[in-house]
Amino acid sequence: KGLAPIRVAVVNAAQKVVLETLRDAGDLGLIEPTLIGDSSVIRDLAASVGLRVSSDHVIEATSDASAAAAAVKLVRDQKADVLMKGQIHTDVLMHAILASDHGLRLPGRRVSHVFLCDIPSYSKLLFITDAAINIAPDVNAKAQILQNAIELCHLLGIENPLVAALSAAETVNPAIPSTIDAACLTL
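Those letters in the sequence shown? Residues 757 to 943, by the working numbering.
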């Protein structure tokens, strides 16, 4: 809460739960959303959940691909800080993000995903990575994914995040490669 609001480009924002989340985050001063998609549907749904949106923060897009491209462009042009997935298939969004000529992928960097959870019964934020992009990463990929998550923590003001590498067992077992990977990542 001590940081400036993050400018969020929301791809296909016309979904009630997405708009309720944006309303709550906006009320806390955490975000400034730009909503992309069918503008009339977005405005109607936003009004129904009590989210006030100025007209310059709604961008019309007539397809999933154009909504994703518009959001990526906002980030590339430094008019948004992050993307948020609304009512869009992941493959369509990732196609725009990974486009070699106008996407967001940085040369030499792995793309990964982080779920950020604020659990009322837990005293800290919980980050879960990567449960959406990298299907079966090797240990080198896991190290890159971990580095991405640590850098996100740093951006959010968490200087020394605690990390747990999850596996099917809590001790190193050569029959379970993920335990070996976890041991390597702790070094």
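All residues carry an ideal CB built from backbone N, CA and C; glycine is no exception.
Quantities reported herein were computed from a predicted structural model and do not represent experimental measurements.
Assuming contact is defined by CB atoms lying nearer than 9 Å, are residue i and residue j in contact in what I supplied?
{"i": "A824", "j": "V848", "result": "yes"}
{"i": "L881", "j": "L941", "result": "no"}
{"i": "V919", "j": "I906", "result": "yes"}
{"i": "L775", "j": "I798", "result": "yes"}
{"i": "V814", "j": "I762", "result": "no"}
{"i": "G793", "j": "A769", "result": "yes"}
{"i": "V764", "j": "A826", "result": "no"}
Quick one: what's got a C-beta closer than 6 Å to residue i's C-beta in the same chain, skipping five residues either side?
{"i": "A888", "result": "H869"}
{"i": "A945", "result": "Shown here, the chain extends from 757 to 943; a query on residue 945 therefore has no answer."}
{"i": "A938", "result": "A921, S923"}
{"i": "D886", "result": "S868, H869, I901"}
{"i": "A781", "result": "I787"}
With a cut-off of 8 Å on the beta carbons, I'd call residue i and residue j a contact; round off their distance for me.
{"i": "I853", "j": "L862", "result": "The Cβ separation is near 11 Å, so there is no contact."}
{"i": "T790", "j": "V766", "result": "7 Å"}
{"i": "C909", "j": "F883", "result": "7 Å"}
Express the C-alpha separation of residue j and residue i in angstroms, rounding to a whole number.
{"i": "Q900", "j": "R865", "result": "8 Å"}
{"i": "D874", "j": "N904", "result": "19 Å"}
{"i": "M840", "j": "T846", "result": "11 Å"}
{"i": "D857", "j": "G842", "result": "24 Å"}
{"i": "R779", "j": "S811", "result": "16 Å"}
{"i": "L786", "j": "P930", "result": "44 Å"}
{"i": "S879", "j": "L911", "result": "19 Å"}
{"i": "S855", "j": "P917", "result": "Correcting the residue identity first, residue 855 is Ala in this sequence and not Ser. Rounded to the nearest angstrom, the two C-alpha atoms are 31 Å apart."}
{"i": "I844", "j": "S877", "result": "31 Å"}
What residues in its chain sit with their C-beta under 7 Å from that of residue i, if we drop five residues either side in the sequence?
{"i": "N890", "result": "S868, A897, I901"}
{"i": "L784", "result": "K757"}
{"i": "L801", "result": "A770, K772, L775"}
{"i": "S804", "result": "none"}
Using DSSP's beta-bridge definition, name the partner residues of residue i.
{"i": "C873", "result": "L882"}
{"i": "E788", "result": "R763"}
{"i": "K841", "result": "V767"}
{"i": "V867", "result": "According to DSSP, V867 bridges with nothing at all."}
{"i": "I889", "result": "In DSSP, I889 forms no bridge with anything."}
{"i": "G782", "result": "Partner(s): none; G782 has no beta bridge."}
Give me, in chain order, the residues of the same chain whose beta-carbon lies closer than 8 Å to that of residue i; leave out the 5 immediate sequence neighbours on both sides.
{"i": "G913", "result": "G758, L759"}
{"i": "V928", "result": "T935, I936, A938, A939"}
{"i": "T777", "result": "none"}
{"i": "V809", "result": "P789, L791, I798, R799, A802"}
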